[in-house]
Amino acid sequence: MIVRDTKKKEKEKEQEGVCPVLEALVSRMRYVSSHWGFRMRFMGLSTALANAEDIAAWLGFAQKAFCPRMAAMNKPAFDAMMTHAVVEGPGDCVLDGRQGVYSSNETILPVAASGAAGGLGTPSPAAAAAAAAAAKLRPVLVFVASRRQTRLTARELIALQHMHDNAVAFLCLYTEEQKAEYAKALKKVKDPTLRSVLLHGVAIHHAGLPPGDRNIAAHLFALGLVRVMVASATLAWGLNLPARLVIIKGTEYFDGKTKRYTDMPVTDILQMIGRAGRPQFDRQAVAVVFCQESKKGFLKRFLYSPFPVESCLHLCLAEHLNAEIVAGTIRTKSMAVDYLSWTYFFRRLAANPGYYSSELLAEDFRGGGAAAAERRRAFIAKFVDRLVNSSLDSLIELGCISLRLPEPWEQPSAASAADGAAEDNKPGEELTGFRLVLKQQQQEKDQQQAFEPIIEATPLGRIASFYYIQPQTAKRISDKMQVDASPLSFIDIFRLLTDAEEFSQMPLRHNEEIHNAELARICPLPVLGAGFESPHTKTFLLLQARLFQLPFPITDYYTDLKSAIDNSMRIIQAMIDVAAEEAQLQYALYIILLLQCIRSATHPARNSLFCLPRITDAVVAALQQQGILSLAHLLENKYASIALSRAGLQPPEVNDVLSALSRIPRMRMRWFLFAATPAAATADPTAAEADTGAGEADGANLDDAAEEKEDIIFTQLELQVLQGPDGEPIRAFLVPAGADLQLEIHLRSLEPAAGGGATGKAAKSGRLSNWFVVLGDPDEAADELVALRRVRMRPSGRTKLTLEFVLEGLVFGIKGLRFSAPEEKGEIFSLSLYLCSDNYLGIDQEEVLTFKTY
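854 is the number that full-length UniProt numbering gives the last residue of the sequence shown; the numbers go up by one with no jumps.
Laid out in structure tokens, this is it:
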């Protein structure tokens, strides 16, 4: 059973990518359910919708499965709309705070706090009701456009409250129980801004607050201990906190991508207005909307007549097609079109084609009858075909998918490869993308009949789908890590991370480029390329400030940093996989180092001891005098407490450091090398000749069967003392050239809690530590990554993994987990085995494995 909540919100979540993800998820479930022959139950929870029938039909609901009166129910809950746009004096109810002379706060306070009409000669009914609500100490919700505005508005309300003689107190503590509850909640608040405004009876609520602080603010407001809450617009969807008076401070928000103010979605405004009114408490409520004079007519129209919910899947179809191709749901273009027919986008395209294409809007389908309907279907089919072709073209260009002609056993179900694409080919038109690759493959195989090609996912496409990153990001990372590309340093890897497309959604508020420039002046790494108004530049500065522990110019940046860190984790993991796919050892180690630095809030040039709490420059210098040069040295020191005391730490500080050290795992690594030998090599030669003769008589099928049944024996190899090239003795494994090898690695944690917990600044995430096991050749001439595995420690504190590879060929080359070594006897070469933490800087381990072929 699939349960989906608040489908009406999808249209407004288009920029965040939520709408197409939910639509693709449901479409995939229905598509798979129909092809696998089992029924799946869907349950959709929503407010009233204007086009509920379309969504019900798309979800497969029967007529009795949804409310047929939803369209009639889709009307405003308020009785009447009264506008007061043209009012003389400071009590103007319709006011744009960013352009007007008076701020919205100057209007909110007289209405919500003091109960006076401000400069209004004749108070309006809305203002009078608002004043009555405030006079009776009923709850008030103030919605603002951004997180920063929640703090500014709350502080202005508190300041203006103290300026009015008749102002009503926002903090309501009348009984001892209320005072005890309020004091208990205040002690648990972590955010300093929330704590300061709660002292005056005003709460703030936005997504940047810690979850515990958000719950405390909502709890105090629900209990009525604080009577004013200033919240971002998302509160209207996330929490059920109705109030007698709702004030919407502006209907615009600043869009950092377009560098201009953008209108809030009408659905958001309706949802905020709907929070006015408490069931079983109020018979009527008041909602006050502050807006520009030019937006008054627009709001009056669409608040009464909301438009239907449309799809936005077509805006990011390539990403979702890539995910379906990786999952195996789509293997041909016709399957892609079939998959698209299961989406909500396909239904709305037929119902409202002009919304999705200006060409369809310009076409004349008038005249009625079967001819007009057929012409309409033909234009829609051609639009869908072009949309699928363009999406596949972009995936081919980005290296996420590849095409191949079907094998003979795949051809009976094949159809014409053009199927609509050929209809778009005009005489003399140059083929591109999907059609060009298909034409080239047909010419190479000299096929007369055009079969529909098979679409397969490339490793890059699989990485993009698995880590949920955009194909453009995966392509850019892959291009930068090519062997023939310019070499990348650690700083270049850092810049490559912040240039990812995922950071284009980083919030960029009005005039925030000034704060970015201020932060850039104290950052050691300069800003290159994009200006300070770029979200990628802001991300680069935020992460750089974390690595170098620099102060932020405004408190909003702390919230933005949390978002940047959350997004960077999956991008870094994808970068590691791309580096492994390209066999770039140094790049993989750089990326793992960057991951450690971000989580530990430090940089590579800094001593790893600073990852611990209470550690200062003086303490590090004192520890170095005692021979403790890094975190690993202190971790293995049996007398760490004595060393810390000698370094000048007080007993409470020593306890904090020891507590952090106890959560860091002390890893031990052992490895065993095995060589694979076919069992047939020791068998009777006469039997082998008999088998060969049978194979020649029965054909290639018997050869394949014999190869599948061939047994492999793995023999453990021991380290031997051999003579090196310079005549000096060396410890190495003596291995036959061309032999299949297995490297078995045993990991053990000496701490009771396997995997450990993050310490210092990384401890705040509350996550367990994982490890990377990397095998490669660090030589500058080779710089080849042979194998990479992620390891999560088992509860027992022990784990085992196996790396398989083969020694054959003449030069080093990567093929999955296979690498090649010289076939000549007597060749000596070395590989390095790395054990790297994904959390802590300075506790990585490296071992060198030496091989000699014979």
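Glycine included, every Cβ here is placed at the ideal spot set by N, Cα and C.
Item	Value
For a quick check, are the C-beta atoms of residue 482 and residue 785 less than 9 Å apart?	no
So what does DSSP say about residue 852, is it helix, strand or coil?	strand
How big is the Cα-Cα spacing for residue 717 and residue 321?	47 Å
Could you tell me the boundaries of the beta strand (DSSP E) in which residue 836 lies?	828-837
At the level of alpha carbons, what is the spacing between residue 315 and residue 143?	30 Å
Only counting the same chain, and skipping five residues up and downstream in sequence, which positions put a Cβ closer than 6 Å to that of residue 478?	460 and 578
Is the beta carbon of residue 874 less than 9 Å from the beta carbon of residue 290?	The question about residue 874 has no answer here: the residues shown for the chain are numbered 1 through 854.
What do you reckon, are the CB atoms on residue 209 and residue 181 nearer than 9 Å?	no
Residue 563 by DSSP, collapsed to three states: which one?	helix
When DSSP labels each residue in this structure, what does residue 538 get in the three-state scheme?	helix
Could you spell out the range, first to last residue, of the beta strand (DSSP E) harbouring residue 731?	729-735
Within a Cβ cutoff of 6 Å, which residues of the same chain sit near residue 490, ignoring the five residues on either side of it in sequence?	590
Please report the distance separating the alpha-carbon of residue 555 from that of residue 344.	41 Å
Per DSSP, residue 205 forms a beta bridge with which residues?	231
From residue 163 to residue 263, what does the alpha carbon distance come to, in whole angstroms?	33 Å
Alpha carbon to alpha carbon, how far is residue 484 from residue 498? Give it in angstroms, no decimals.	23 Å
In three-state terms, what does DSSP make of residue 39?	coil
What is the C-beta distance between residue 20 and residue 312, in whole angstroms, given that I count them as a contact (C-beta under 8 Å)?	6 Å
Count the other CB atoms within 10 Å of the CB of residue 232; is the residue buried (16 or more) or exposed (fewer)?	buried
Rounded to whole angstroms, what is the Cα-Cα separation between residue 276 and residue 176?	30 Å
Quick one, which of 676, 61 and 509 has its alpha-carbon nearest residue 936's?	Absent from the model: residue 936. The displayed extent of the chain is 1 to 854, so no value can be given.
Based on DSSP bridge pairs, tell me the residues matched to residue 715.	675
Return yes when the Cβ of residue 834 is within less than 9 Å of the Cβ of residue 608, no when it is not.	no
For residue 470, count neighbouring Cβ atoms within 10 angstroms of its own Cβ and tell me buried if that reaches 16, exposed if not.	buried
Among the candidates 735, 713, 534 and 715, whose CA atom is the shortest distance from the CA of residue 722?	735
Would you call residue 631 buried or exposed, if buried means 16 or more other Cβ atoms sit within 10 Å of its Cβ?	buried
For residue 402 and residue 458, what's the separation of their Cα atoms in angstroms?	7 Å
If you draw a straight line from the alpha carbon of residue 745 to that of residue 793, how long is it in whole angstroms?	13 Å
Please report how far the alpha carbon of residue 808 lies from the alpha carbon of residue 825, in whole angstroms.	Unreliable positioning characterises residue 808 in this predicted model, as indicated by a pLDDT of 38, which lies under 50. The coordinate reading is nonetheless provided below. About 12 Å.
In the DSSP assignment, what residue or residues form a beta bridge with residue 776?	785 and 832
May I have the straight-line CA-CA distance separating residue 637 from residue 393, to the nearest angstrom?	59 Å
Which of helix, strand or coil does DSSP assign to residue 793?	coil
So, is residue 685 buried or exposed, given that buried needs 16 or more other C-beta atoms within 10 angstroms?	The pLDDT assigned to residue 685 is 42, lower than 50, so where the model puts this residue is not dependable; a value taken from the coordinates is nonetheless given after this. That one is exposed.
Expressed to the nearest angstrom, what Euclidean distance is found between the alpha-carbon atoms of residue 465 and residue 389?	20 Å
Tell me where the beta strand (DSSP E) around residue 403 begins and ends.	401-404
Which of the three DSSP states is assigned to residue 171 in this structure?	strand
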